[in-house]
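Here the structure is laid out as structure tokens; the discussion comes afterwards.
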Amino acid sequence: MTWTPDRIDELTRLWNTGHSASMIGKKLGVSKNAVVGKAHRLNLPARPSPIRKDARPAPRRRPAALPTPVVPDEPEGSVAAFEAPKPTRLAERRSGQSCQWPIGDPSDKSFHFCDDPALPGKPYCSKHCASAYIKKDRDRDRGESRVA
Numbered sequence: 001m002t003w004t005p006d007r008i009d010e011l012t013r014l015w016n017t018g019h020s021a022s023m024i025g026k027k028l029g030v031s032k033n034a035v036v037g038k039a040h041r042l043n044l045p046a047r048p049s050p051i052r053k054d055a056r057p058a059p060r061r062r063p064a065a066l067p068t069p070v071v072p073d074e075p076e077g078s079v080a081a082f083e084a085p086k087p088t089r090l091a092e093r094r095s096g097q098s099c100q101w102p103i104g105d106p107s108d109k110s111f112h113f114c115d116d117p118a119l120p121g122k123p124y125c126s127k128h129c130a131s132a133y134i135k136k137d138r139d140r141d142r143g144e145s146r147v148a
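Per full-length UniProt numbering, residue 1 is the first one in the sequence shown, and the count goes up by one each step.
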């Protein structure tokens with residue numbers, strides 16, 4: 001296919017009236033990409049992008065970090081001055097000794113962990129292990145029913 005002066009004039013006229021590249025291509029018997037390429041070589045005005053820049057989703061915000069608890073100073077002679085503060089964050093807890101089941105909303109001041117003795121090799125106490133770990137039923141996994 002060659003671009004004759006008549007076809008170039010028709011392309012320019014249709015382009016300037018706002019026809020789409022695919023519609024111009026159908027009228028001239030060429031592909032949309034051929035129309036776009038020729039319009040570019042002829043330095044015809046660029047079309048606005050159909051993608052709107054303001055339609056992008058808002059960036060995700062990171063959740064706020066939990067505040068570090070402030071322990072008030074105790075008088076030197078008091079009993080509380082010699083007691084270690086109870087850990088409030090999971091990273092500060094010694095794993096394997098007490099239940100690490102979170103209770104409450106982490107952003108609330110009343111948030112805490114269970115602290116019951118943990119089962120050996122598990123991060124939770126027996127009560128919370130029953131909630132956290134569910135045994136699979138072999139017959140159910142194979143699609144068989146238990147009705148006799």
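Ideal Cβ placement from N, Cα and C applies to all residues, glycine included.
* Alpha-carbon to alpha-carbon, S49 and I24 -> 18 Å
* **Close-in-space but distant-in-sequence residues of the same chain around W3 (CB under 7 Å, 5 per side omitted)** => K38
* Asked: If we ignore side chains and look at the alpha-carbon of each, how far apart do N16 and P63 end up?
  -> 50 Å
* Asked: How about P117: is its C-beta nearer than 8 Å to some C-beta of chain B?
  -> Considering every chain present, this structure includes no chain B. It has just one protein chain.
* Asked: Can you tell me where the alpha helix (DSSP H) with D6 in it begins and where it stops?
  -> Unbroken alpha helix (DSSP H) run through D6: P5 to N16.
* Asked: What does DSSP give as the partner residues of I24 in its beta bridges?
  -> I24 pairs with nothing; no bridge assigned.
* Asked: Excluding the five sequence neighbours on either side, which residues of its own chain have a C-beta within less than 8 Å of the C-beta of L119, listed in chain order?
  -> C125, S126 and C129
* For residue 151 versus K32, is the C-beta spacing smaller than 8 Å? -> Because the chain is modelled from 1 through 148, residue 151 falls outside the range shown and cannot be assessed.
* Asked: When burial is assigned at 16 or more other CB atoms within 10 Å of the CB, is L42 buried or exposed?
  -> exposed
* Using a Cβ-Cβ cut-off of 6 Å (strictly less than) and excluding sequence neighbours within five positions of S110, which residues of its own chain qualify? -> G104
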